[in-house]
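Engineer: Below are the C-alpha cells for one structure; questions will follow.
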Amino acid sequence: MIDILIYITSGLGALFVLLAAVGTLRMPDQYLRISVNTKAATLGVGLLLVAAALFFLEISVSTRVVTVIIFILITAPVGAHLIGRTSYFLGNELWGKFVIDDLKGKYNKSTHELKGEDKETESENEKDSTPKT
Numbered sequence: 016m017i018d019i020l021i022y023i024t025s026g027l028g029a030l031f032v033l034l035a036a037v038g039t040l041r042m043p044d045q046y047l048r049i050s051v052n053t054k055a056a057t058l059g060v061g062l063l064l065v066a067a068a069l070f071f072l073e074i075s076v077s078t079r080v081v082t083v084i085i086f087i088l089i090t091a092p093v094g095a096h097l098i099g100r101t102s103y104f105l106g107n108e109l110w111g112k113f114v115i116d117d118l119k120g121k122y123n124k125s126t127h128e129l130k131g132e133d134k135e136t137e138s139e140n141e142k143d144s145t146p147k148t
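Mapping of the sequence shown onto our numbering: residues 16 to 148, in sequence order.
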C-alpha cells in the first residue's frame, strides 16, 4: 500500500517538474516563465520530497523533508517576485498581448522607487469627486 502511495507522489512530482520545464519553453515572456516555474516546480519538488519521506519512513528523514518543503514554500515566491521586479525595472518587455501594465508610469528610474498615490492625494480626489449641492 505504501509503495502505491510512493509511486503516485513521485509520479505526480515528476509530472509537475516536467510541466515546469515545458512551460519554460512555451511561455512567451520572462514573467510568465517565472510564474510557471515558481508554481509547478515548487509543487513537483514538494511531491518528490514527500515520496522520499514515505520511502524511508524515518523521523529524521521526515523532519528534514518537512523543513526543506517549508523552506521552498517560503523562498520560491519571494525569489520569483524579486526576479520579476528586477526584470521589469531593467526594462524587459512584456508580452504583446498583455492588456494592462499596472506599474507603467509609477517607477522612478533615477531613484529606483515605486510611486504610489499619497493618502492626501487620495482624500483630495475623493473630495473632488463628491457631487456638490
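Note that CB positions come from ideal geometry on N, CA and C, so glycine has one too. Predicted model only: the values in this text are computed from it and were never measured.
If A66 sits next to S25, beta carbons under 8 Å apart, how far is it from one beta carbon to the other, in whole angstroms?
Structural biologist: Residue numbering aside, residue 66 sits at position 51 when the sequence shown is read from its first letter. Residue numbering aside, residue 25 sits at position 10 when the sequence shown is read from its first letter. At roughly 4 Å, the Cβ-Cβ gap stays under 8 Å, so A66 and S25 are in contact.
Engineer: Touch check for the stretch 41–49 and the stretch 93–113: three-plus C-beta pairs under 8 Å?
Structural biologist: Verdict: yes, contact present.
Engineer: Look at the alpha carbon of M16 and the alpha carbon of L72, and state the distance between them as a whole number of angstroms.
Structural biologist: The sequence position of residue 16 within the sequence shown is 1, counting from 1. The sequence position of residue 72 within the sequence shown is 57, counting from 1. Roughly 13 Å between the two C-alpha positions.
Engineer: Taking 8 Å as the cut-off, does the stretch 76–94 touch the stretch 51–68 (at least 3 CB pairs, one atom from each stretch)?
Structural biologist: With a cut-off of 8 Å, the stretch 76–94 and the stretch 51–68 count as touching, because enough Cβ pairs lie within range.
Engineer: Starting from I21, trace the alpha helix (DSSP H) in both directions and tell me its first and last residue.
Structural biologist: By 1-based counting over the sequence shown, the position of residue 21 is 6. 17–41 is the extent of the alpha helix (DSSP H) around I21.
Engineer: So, with DSSP's three-state summary, where would you put N107?
Structural biologist: In the sequence shown, counting from the first residue as 1, residue 107 sits at position 92. If DSSP states are grouped into helix, strand and coil, N107 belongs with coil.
Engineer: From the DSSP output, read off the bridge partner residues of Y122.
Structural biologist: Looking up residue 122 in the sequence shown gives position 107. Per DSSP, L129.
Engineer: Please report how far the alpha carbon of L30 lies from the alpha carbon of S125, in whole angstroms.
Structural biologist: Here residue 30 refers to the residue found at position 15 of the sequence shown. Here residue 125 refers to the residue found at position 110 of the sequence shown. Taking the straight line from one Cα to the other gives about 44 Å.
Engineer: So, with DSSP's three-state summary, where would you put F113?
Structural biologist: In the sequence shown, residue 113 corresponds to position 98, counting from 1. It is coil, neither helix nor strand.
Engineer: Just the C-alpha distance for I21 and I87, rounded to the nearest angstrom, thanks.
Structural biologist: In the sequence shown, residue 21 corresponds to position 6, counting from 1. In the sequence shown, residue 87 corresponds to position 72, counting from 1. Straight-line Cα distance between these residues: approximately 21 Å.
Engineer: To the nearest angstrom, how far is the alpha carbon of L118 from that of L105?
Structural biologist: Indexing the sequence shown from 1 puts residue 118 at position 103. Indexing the sequence shown from 1 puts residue 105 at position 90. Computed Cα separation, rounded: 13 Å.
Engineer: Within its chain, find whatever has a CB closer than 8 Å to the CB of D116; leave out the 5 residues flanking it on each side and keep chain order.
Structural biologist: Walking along the sequence shown from the start, residue 116 turns up at place 101. Cβ within range, chain order: L109.
Engineer: Classify L72 as helix, strand or coil using the three-state DSSP reduction.
Structural biologist: Along the sequence shown, read from residue 1 onward, the residue named residue 72 stands at position 57. Looking at L72 - three-state DSSP - the assignment turns out to be coil, as it is neither helix nor strand.
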